[in-house]
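Numbering (the working numbering), first residue to last: 69 to 364.
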């Protein structure tokens, strides 16, 4: 996908609603931020152990001497550590109509499309490993929240991203059925390092949403929060907040990701599945894409 998209005069989408920036206090020396540690207390049913991609996690180490973003990275990690949040409305009019007509579930579909958009951009796959290495992961897997109405608690469940949108949709449904309602924060075992977060607040529409992470300036991966969709004239709009670290990306990259996601939303259906192709693609940041192997 070229940037700016054809017919666009500005890289900033018209759906742009709000932008906030959050500074971070420096953490104690040696702090390791890991939001995936499970509680010692275990509730709910016995759960199956999945195949984990933890040991199959290709990445590229960043050479700080040659990395084109090295000065920006050092400024936003050492001089003025900060993240920023951007909230925009996505037009899901066609997407919502097709989803309803085919009996598909909206949230799992959106999880798959967000994962597809994130994996096209290396800026959003840049992270510290648990070892302290700064790398660009080849692939990120989504970790998403599932709400339990009875307990009014949520769980964070992860699903492996393998590039096949249709197969991933079925895998998300399966993981939700297996691990939802356990009243545990991380019920699915063996989460890999290369996860990014998605959550939803389906009860409220919002024009701005920000997560305060005062001691997590080493957490570089994006965080997505969806709001309640609403009608605006003849269209259906979905608010989406992106929380990103300024050390690895700027508003330009967040705007590009929103355009990538809108493009995925606007594509047509084929054979009852939301896709013009069964494949999802990875971008290398230089305008090239690499097709991931399909799983038919």
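In this text, a Cβ means the ideal position worked out from N, Cα and C, and glycines have one as well.
Quantities reported herein were computed from a predicted structural model and do not represent experimental measurements.
- Cβ-Cβ separation between residue 213 and residue 268: approximately 7 Å, consistent with a contact (criterion under 8 Å).
- Secondary structure at residue 250: coil, using DSSP grouped into helix, strand and coil.
- Taking residue 129 as reference, the option from 192, 202, 218, 182 with the minimal CA-CA separation is 202.
- The region 244-256 makes no contact with the region 188-207; the number of CB pairs closer than 8 Å stays below 3.
- With respect to residue 151, residue 314 sits close: the two C-beta atoms are nearer than 8 Å.
- Under the three-state reduction of DSSP output, residue 299 falls in the strand class.
- Cβ contact annotation for residue 293 (same chain, cutoff 6 Å, sequence separation greater than five): 267, 277, 309, in chain order.
- Bounds of the beta strand (DSSP E) holding residue 195 are 194-196.
- In the three-state scheme derived from DSSP, where H, G and I count as helix and E and B as strand, residue 313 is classed as strand.
- Rounded to the nearest angstrom, the Cβ distance from residue 297 to residue 160 is 6 Å, consistent with a contact under 8 Å.
- The alpha carbon of residue 317 has as its nearest neighbour, out of 169, 265, 191, 252, the alpha carbon of 191.
- With 16 or more neighbouring CB atoms inside 10 Å of its own CB, residue 226 falls in the buried class.
- In the three-state reduction of the DSSP assignment, residue 237 falls in the helix class, which pools H, G and I.
- In the structure shown, the three-state DSSP call for residue 244 is helix.
- 182 is the residue among 182, 287, 168 whose C-alpha sits nearest the C-alpha of residue 326.
- A Cβ-Cβ distance of about 6 Å is found for the pair residue 184 and residue 233, placing them in contact under the 8 Å criterion.
- Among the bridge pairs identified by DSSP, residue 291 is matched with 265, 311.
- Per the coordinates, the alpha-carbon of residue 222 lies some 8 Å from the alpha-carbon of residue 252.
- Membership of residue 183 in the alpha helix (DSSP H) is indicated by the continuous run 174-186.
- DSSP, reduced to helix, strand and coil, places residue 219 outside both helices and strands of the structure shown, so it counts as coil.
- Residue 205 has 127 as its beta-bridge partners, per DSSP.
- In the DSSP assignment, residue 155 falls within the unbroken beta strand (DSSP E) covering 150-159.
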